[in-house]
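Engineer: Please see the structure below; I have some questions.
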Amino acid sequence: MQSFLGSLNYYSKFIEDYAIYAAVLYELGEVDFAAMNKPEDRSRDQDLAAVTGDDLEGARDPADADLRWIRAHKSFNKLKEKVSSTPILRHFRPELQPVVVVYANVGRSQWL
Numbered sequence: 001m002q003s004f005l006g007s008l009n010y011y012s013k014f015i016e017d018y019a020i021y022a023a024v025l026y027e028l029g030e031v032d033f034a035a036m037n038k039p040e041d042r043s044r045d046q047d048l049a050a051v052t053g054d055d056l057e058g059a060r061d062p063a064d065a066d067l068r069w070i071r072a073h074k075s076f077n078k079l080k081e082k083v084s085s086t087p088i089l090r091h092f093r094p095e096l097q098p099v100v101v102v103y104a105n106v107g108r109s110q111w112l
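If you want it as structure tokens, here you go:
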């Protein structure tokens with residue numbers, strides 16, 4: 001979990017609501033995440049992966065569902081989605097011509 005959050009450290013400036021989603025994962029911690037992700041819990045985890053929101057109706061046994069795990073799983077998936085789908089987040093490609101677009105009001109600009 002720490003390696004995932006560490007890899008997002010640079011991109012956090014570009015991800016809307018990063019702090020909200022990452023806080024859930026930092027709060028969970030590496031030890032808790034490893035304990036919740038044991039092989040015998042795989043079927044339970046797959047059931048929880050299908051749960052949307054905090055609604056526990058999708059889980060096989062809602063009483064066994066750990067809300068921390070549900071929130072962590074949702075946050076993890078949301079961060080993965082945001083990193084992969086952010087339209088303006090691109091690595092520099094030197095073979096393409098760079099373009100700079102400046103949004104400024106000419107009447108208010110003190111540079112002109």
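Take the sequence shown: its letters are residues 1 to 112, numbered as in full-length UniProt numbering. Glycine residues also receive a C-beta, built at the ideal position from the N, C-alpha and C atoms.
(1) What are the start and end residues of the alpha helix (DSSP H) that includes Q97?
(2) How would you write the range of the alpha helix (DSSP H) that L5 sits in, first residue to last?
(3) Express the C-alpha separation of V102 and P94 in angstroms, rounding to a whole number.
(4) Roughly how many angstroms lie between the CA atoms of E27 and S12, to the nearest whole one?
(5) Is it buried or exposed for H91, if we count other Cβ within 10 angstroms and need 16 for buried?
Structural biologist: With the given structure in hand:
(1) Under the DSSP assignment, Q97 falls outside any alpha helix (DSSP H); it carries neither an H nor an E label.
(2) Looking at the DSSP string, the run of the alpha helix (DSSP H) that includes L5 is 2 to 7.
(3) Going by the C-alpha atoms only, they are around 21 Å apart.
(4) 17 Å
(5) Classification of H91: exposed, given that the 10 Å Cβ count is below 16.
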